[in-house]
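Heads up, the sequence shown is in the working numbering, so the first residue is 3 and it goes up one at a time.
What follows is a single structure, written as structure tokens, with notes after it.
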Amino acid sequence: MSQPMFSMGVAVVVLCAASLSAPATLAQTAEPVPTPATLSADDLQALTPQLRKGGYIFYLRHGLTRLDQEDRQPVVKDDCATQRNLSDEGRKQAETLGAAMRKARIPVGRVLSSPFCRCLDTARLAFASAEVSEDLYFAIGLTKLERQAKGASLRRLLAEQPTAGSNSVLVAHTANLEEAVGFWPKPEGTAILFQPDGTGGFRVLGRIPPDTWVMWAGR
């Protein structure tokens, strides 16, 4: 299977030569979609030429977090001491991802992050900087209407075309993606690749587990 690769910080899309008809185009609705296929390091390598041209979106769940911490209630967004934060391994995950993308010369444009510290730290360790987006605020703990609004906002972001010649990266949480497309990105550090279709929708192209970044970076 000739599949894609991931991008350094932007929307990344995975195109499988053997399954070009598989990804379905999604409109701006809460219609659930099947959990995407898992991409290997070989799949990512095959996608590198397309990713270098830009046009993809990479949804990244924050890296591994500390088991001895929990989000306090209420959480203070500007106070990391009230939140569950990245573990040492989670910080290494983010650094490895960023290094792999730079090595592959994948252009990254806009990097948006949830205001939670574990997401901002993931984004900054991987891509040096990030723009905080309230649209990516952790959906768990919100009311049903608020969660639905976060899902609708994320679907709009996933359908937004990156700047020409670049990819976009969204760093956030599990619940947000579940609200938007109906599946959870597991485990922590997992990336989901999307491709805007230019008509207000997008394609879900594949899932990249954190271990795959390590294998891909070693090539």
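Glycine is no exception: its CB is placed at the ideal position from the N, C-alpha and C atoms.
For residue j and residue i, the rounded distance between their alpha carbons
i    : j    : result
R149 : V183 : 12 Å
N178 : D213 : 23 Å
T304 : R120 : The structure shown does not extend to residue 304, since the chain spans only 3 to 221, so no value can be given for it.
S168 : Q71  : 36 Å
A26  : R209 : Interpretation of A26 is limited by its pLDDT of 47, a score under 50 that renders its predicted location unreliable; no figure is taken from the coordinates.
D199 : V110 : 19 Å
S186 : G203 : Inspection of the sequence shows that residue 186 is occupied by Trp rather than by Ser. Near 19 Å, if we compare the C-alpha coordinates of G203 and W186.
K55  : A166 : 8 Å
L114 : E181 : 18 Å
P117 : P189 : 20 Å
A102 : A219 : 5 Å
G57  : I194 : 15 Å
I59  : P76  : 31 Å
T145 : R221 : 45 Å
S135 : H175 : 13 Å
S170 : M217 : 22 Å
P51  : K94  : 26 Å
K105 : R74  : 38 Å
P211 : L147 : 31 Å
A151 : R112 : 22 Å
Buried versus exposed call for residue i [16 or more other C-beta atoms within 10 Å across all chains shown]
i    : result
A130 : exposed
G143 : exposed
D81  : exposed
G153 : buried
R107 : exposed
L41  : buried
T201 : exposed
R86  : buried
L88  : buried
P224 : Absent from the model: residue 224. The displayed extent of the chain is 3 to 221, so no value can be given.
D45  : buried
L69  : exposed
P38  : buried
P36  : exposed
Beta-ladder partner(s) of residue i, from DSSP
i    : result
T67  : L88
F140 : In DSSP, F140 forms no bridge with anything.
L62  : A193
T40  : R209
Pair within 8 Å by beta-carbon distance, residue i and residue j
i    : j    : result
W215 : T98  : yes
A96  : A128 : yes
A132 : A141 : no
L156 : D137 : yes
G191 : G100 : no
L62  : V173 : yes
C-beta neighbour in chain B for residue i, strict 8 Å
i    : result
L172 : In the displayed structure, chain B is absent; only one protein chain is listed.
Beta strand (DSSP E) runs contained entirely in the region 132-218, provided each spans 3 or more residues: For secondary structure counted as the beta strand (DSSP E) over 3 or more consecutive residues, the region 132-218 holds these complete runs in sequence order: 169-174, 193-198 and 204-210.
In chain order, each alpha helix (DSSP H) run of at least 4 residues that lies wholly inside the region 88-124: 90-105, all fully within the region 88-124.
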